[in-house]
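Participant:
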Amino acid sequence: MSVSTKKFVIVLLSLFLGINTFQAHAALPFSVGGEELPSLAPVLEQATPAVVNISVAGTKVSQQQLPELFKYFFGPEGNPGNTEQERPFQGLGSGVVVDAKKGYVITNYHVIHEADEIVVTLKDGRTFEAEVLGSDRHTDIALLQIEADELVDIKLADSDELRVGDFTVAIGNPFGLGQTVTSGIVSALGRSGLNIENLENFIQTDAAINSGNSGGALINLRGELIGINTAIIAPNGGNIGIGFAIPSNMVRNLADQIIEFGEVRRGVLGVTGGELNSDLAKAFGTDSQHGAFVNQVMQGSAADKAGIEPGDIIIAVDDKKVKSFAELRAKIGTMGAGKTIKIGAIRDGKAIDFKVTLQQAEEQNINAKVMHPALEGASLSSTGKDAEISGVRVNKIARNSKAFANGFEEGDIIIGINKIRITSIADLRALLETEPKVLAVNIQRGDENLYRIIQ
């Protein structure tokens, strides 16, 4: 290979990887014929130890319709119509260590959903059982914790700084093969519409993502986490170069809430609306082609108190541009309740800013089993500060579960344990972490106040 040819190859590879020729010559160790060539190896040596494999196992309860012939034997009143059948399942996925000291691991909600056993395998082969600290179905995020020494974590980048065309690297465990690395670029930003019920603001990439990559890392060329791989479009079941990742800023907001409160305290702005198009922009006197058009402002909502009005066009949150209503919904929905933010908008063709303190959404079901075995089978949520009785509500309870056997019922509100007042999921989690030998659970059940003793 001639000297000129070698230099040409170096320039091409440097351009592809976003590294200037001088850096390729000066910093990268791989060489051909004495000429150094760019390589992703130094970045991957730094990042891959922070990406883990996750294996799960559990039992799913499915409803099975009885054939008409068998229904006859139950009689008109005793015929249940269907029966519950338990089916064991196993699954594989990926995760990312985001705090080495505390053992925090981020993955997808759908990876660990309904799992009774979660095992994390590090790149060095060590395995650890993981505990679910919290999860959020609407954003498909879960936070796990493992007890392990010598972990390596990964720094989170500012995903709002991403641009279409930036290089990406996906790291995960596709098809259970073990840790695998693929590369590509940011194909698009702010993607939504995969599931209308969820909060979506995806990074789209053409880095190969397949089954088992869920929960793995999407990084930049500095080795920083820019997203958590979560979904693909795969008409034939394989990769076609359209993968989606949850932006790191959303991940950071959700993880911080779970760590602080034991749950996601979703922020609510209190508006409904749609996408801004050219006709709307012209009608409302703006040249902007991107933004979230406000159709309605809920009375008494955070937006109402801040002065936002129907017809306003929201174009920024904390000085970061908002391109669509779906993006606005996802950004607000992953910010914590009580957080004060700056909303940039256009009204009558003029820019205007609002200071908004987000309110809390009414929801958040927590799988109680992760907090205490005696609560297995119960789904819990905080009642909220504005409730008549503040505490932890039992939203659902499975028959034949430990929580059911311990005397809990749907609609119960846990207001205290061992004479300590409980007002939220965070209070309950903090108390249970002390591992008391006896639980004297104070419950408000309708007009009745009672105790359940668990030993």
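Count the sequence shown with mature numbering (1 follows the signal peptide of the UniProt record, and there is no 0) and you get residues -26 to -1, 1 to 429, in order.
Beta carbons are placed, not taken as given, at the ideal position from N, Cα and C, and that holds for glycine.
Report buried or exposed for P221, applying the criterion of at least 16 other Cβ atoms within 10 angstroms of its Cβ.
Facilitator: Around the Cβ of P221, a 10 Å sphere holds 16 or more other Cβ atoms; the residue is buried.
Participant: Let me know if K305 comes out buried or exposed under the rule of 16 or more other beta-carbons within 10 Å of its beta-carbon.
Facilitator: buried
Participant: Tell me, please, whether the stretch 234 to 241 touches the stretch 190 to 207 by the rule of three or more beta-carbon pairs shorter than 8 Å.
Facilitator: no
Participant: Rounded C-beta distance between L332 and V268? I'm assuming under 8 Å.
Facilitator: Incorrect: roughly 16 Å between the Cβ atoms, too far for contact.
Participant: By the DSSP assignment, the beta strand (DSSP E) with N147 in it spans what residues?
Facilitator: No beta strand (DSSP E) contains N147, which DSSP labels as neither H nor E.
Participant: Bridge partners for residue 446 per DSSP, in chain order?
Facilitator: An answer regarding residue 446 cannot be provided, because it is not within the stretch -26 to 429 covered by the chain.
Participant: Counting pairs of Cβ atoms below 8 Å between the stretch 114 to 128 and the stretch 70 to 85, do you hit three or more?
Facilitator: yes
Participant: Note down the Cα distance separating T408 from K76, rounded to an integer number of angstroms.
Facilitator: 17 Å
Participant: Using C-beta distances below 8 Å, list every residue in its chain close to T260, excluding the 5 sequence neighbours before and after it, in chain order.
Facilitator: I287, I320 and G323
Participant: Please name the residue or residues paired with T101 in a DSSP beta bridge.
Facilitator: T95
Participant: Taking the straight line between their C-alpha atoms, what separation do you get for S166 and E60?
Facilitator: 34 Å
Participant: How many Å lie between G32 and D278 at the Cα?
Facilitator: 45 Å
Participant: Whole angstroms is fine: what's the gap from K411's alpha carbon to M345's?
Facilitator: 14 Å
Participant: With 16 other CB atoms within 10 Å as the buried threshold, where does P23 fall?
Facilitator: That one is buried.
Participant: So, N27 versus N203, is the Cβ gap smaller than 8 Å?
Facilitator: no
Participant: S188 by DSSP, collapsed to three states: which one?
Facilitator: coil
Participant: Among G274, A335, G247 and G420, whose alpha-carbon lies nearest the alpha-carbon of G265?
Facilitator: For the options G274, A335, G247 and G420, the alpha carbon positioned closest to that of G265 is the one of G247.
Participant: DSSP on E174, reduced to helix/strand/coil?
Facilitator: The answer is coil: DSSP assigns E174 none of H, G, I, E or B.
Participant: In terms of alpha-carbon separation, which member of A74, A89 and D73 lies closest to G67?
Facilitator: Relative to the Cα of G67, the nearest Cα in the group A74, A89 and D73 belongs to A89.
Participant: Nearest-angstrom Cα distance between V138 and V25?
Facilitator: 24 Å
Participant: State the DSSP-derived secondary structure class of P347, mapped to helix, strand or coil.
Facilitator: Helix, per DSSP.
Participant: Going by alpha carbons, who is nearest to N187 out of V106, I177, V155 and V160?
Facilitator: The residue with the shortest Cα to Cα distance from N187 is V155.
Participant: Spatial neighbours of D127 within its chain, please: CB distance less than 7 Å, with the 5 preceding and 5 following residues excluded, ordered by chain position.
Facilitator: Answer for D127: A24, V71, V72, D73 and A74, listed in chain order.
Participant: Thinking just about the alpha-carbon of each residue, which of G217, N227 and E105 is nearest to the one in S133?
Facilitator: N227
Participant: Taking the alpha carbon of G158 as the point to measure from, which residue in V291, A290, T142 and L151 has its own alpha carbon closest?
Facilitator: T142
Participant: Should P62 be labelled buried (16 or more other beta-carbon atoms within 10 Å of its own) or exposed?
Facilitator: Exposed, by the Cβ-count rule.
Participant: Would the beta-carbon of G318 be found less than 7 Å away from any heavy atom of the ligand ADP?
Facilitator: For the structure depicted, the ligand ADP is absent and the ligand set is empty, with no information on it obtainable.
Participant: Roughly how many angstroms lie between the CA atoms of T397 and K329, to the nearest whole one?
Facilitator: 29 Å
Participant: Cβ atoms of G201 and I177: under 8 Å apart, would you say?
Facilitator: yes
Participant: Going by DSSP in three states, R403 sits in which element: helix, strand or coil?
Facilitator: Under the three-state reduction of DSSP, R403 is assigned to helix.
Participant: On the CB-based measure, 16 or more other CB atoms within 10 Å of its CB, does D327 come out buried or exposed?
Facilitator: exposed
Participant: In the DSSP assignment, what are the bridge partners of E422?
Facilitator: R419
Participant: Rounded to whole angstroms, what is the Cα-Cα separation between G312 and L163?
Facilitator: 27 Å
Participant: Under 6 Å Cβ to Cβ from Q231, same chain only, skipping five residues before and after it: list those, please.
Facilitator: V238, R239 and G310
Participant: Determine, using beta carbons only, whether K256 comes closer than 8 Å to chain B.
Facilitator: Among the chains of the structure shown, chain B does not appear; only one protein chain is present.
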